[in-house]
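Notes to accompany the following structure.
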Amino acid sequence: MQTLSFNVISRHPAPATVDVEIERVVIAGWAGRDPAAIRAHIDELAALGVAPPSTTPCFYRVSAALLTQAPSIGVLGARSGGEIECVLVDSPAGTLVTVGSDHTDREVEAYGVAVSKQVCAKPLGRDAWLYADVADHWDAIEMRAWLIPRDGERTAYQHGAVSGLLAPDVLWHRFDDRRTMPARCAMYGGTVAVHGAIAAMGDGDAFEMELHDPVLGRSLRHRYAVEVLPVVA
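The sequence shown begins at 459 in my numbering and counts up by one.
What follows is the structure, given as structure tokens:
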């Protein structure tokens, strides 16, 4: 079990801090609404040697201990990279929405997707919205991510809308035949296509991500850096 604290930003004036106990972490893969977009993402990964999924969407279970709100993560080698995702979290205040990254080792992914999900830490933000505050305009939410090389300029990496992904209630139903968020669970809800080739991050590189709500005029942001650990034989 993992305990995390979130700064819940609601439509009420004052934000509240909520402590959340998470027992299950689920990563929804190939969770798009558009079959053509799903095929494009499968093709992106196929170029890296990743086998296609047995079904779509796929739900990968990973250890709750992998969740982190820290400003940096350690990875083995320089073959890993981030993917922006909406993260849905069951909490005492109701279902929360935050921004996260399904950080993945691309070399391991070519060996086995399920294994690659368990290899890297799973960053997520400290700020969160109440799902109830955004449910009525969910499809308007935008997803943006940038790569920031250690000695380079910030460049756009991903940009899309959650309207291209399965809605939360559909994901929940596909996962366990319910229309509500599973108890004590954090669910990564899928990603959007990258601009150009899938990137690998080197030591000191950073990944910045944002969920933007144009209806309420607010954003959730998180940034983390990568520390590349030596691979010792």
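Each residue gets a CB set at the ideal place from its N, CA and C atoms; glycine is no exception.
Using alpha carbons as the reference points, say which of the options lies closest to residue i.
i	options	result
residue 606	490, 670, 487, 659	659
residue 640	550, 564, 575, 565	550
residue 579	483, 488, 676, 466	483
residue 557	569, 461, 685, 648	648
residue 573	474, 462, 485	485
residue 650	462, 492, 474	492
residue 512	652, 617, 537, 570	570
residue 675	505, 598, 529	598
residue 638	552, 494, 541	552
residue 506	634, 652, 688, 565	565
residue 510	488, 610, 621	488
residue 686	621, 537, 634, 635	537
residue 462	617, 610, 527	527
residue 490	621, 652, 635, 501	621
residue 617	610, 652, 494, 688	652
Return the Cβ separation of residue i and residue j in integer angstroms, given the expectation that the two are a contact with Cβ distance under 8 Å.
i	j	result
residue 608	residue 662	3 Å
residue 595	residue 673	5 Å
residue 576	residue 525	Between residue 525 and residue 576 the Cβ distance is about 12 Å, and since that is not below 8 Å, they are no contact.
residue 543	residue 563	Not confirmed; about 16 Å, so no contact.
residue 645	residue 629	7 Å
residue 548	residue 642	6 Å
residue 668	residue 612	Not confirmed; about 12 Å, so no contact.
residue 496	residue 522	The Cβ separation is near 27 Å, so there is no contact.
residue 683	residue 529	7 Å
Identify the residues that DSSP records as bridge partners of residue i: which are they?
i	result
residue 645	484, 546
residue 686	533
residue 629	Answer by DSSP bridge pairing: none, since residue 629 is not bridged.
residue 606	664
residue 669	601, 678
residue 508	Paired residue(s): none; residue 508 is not in a bridge.
residue 463	477
residue 558	543, 582
residue 521	According to DSSP, which records beta bridges pairwise, residue 521 is partnered with nothing at all.
residue 659	538
Determine the contact status of residue i and residue j, defining contact as a CB-CB distance below 7 Å.
i	j	result
residue 567	residue 476	no
residue 604	residue 589	no
residue 464	residue 554	yes
residue 681	residue 591	no
residue 586	residue 466	yes
residue 678	residue 583	yes
residue 546	residue 626	yes
residue 539	residue 619	no
residue 600	residue 499	no
contact_flag[the region 509 to 518, the region 526 to 540] where n(CB pairs < 8 Å) is 3 or more
no
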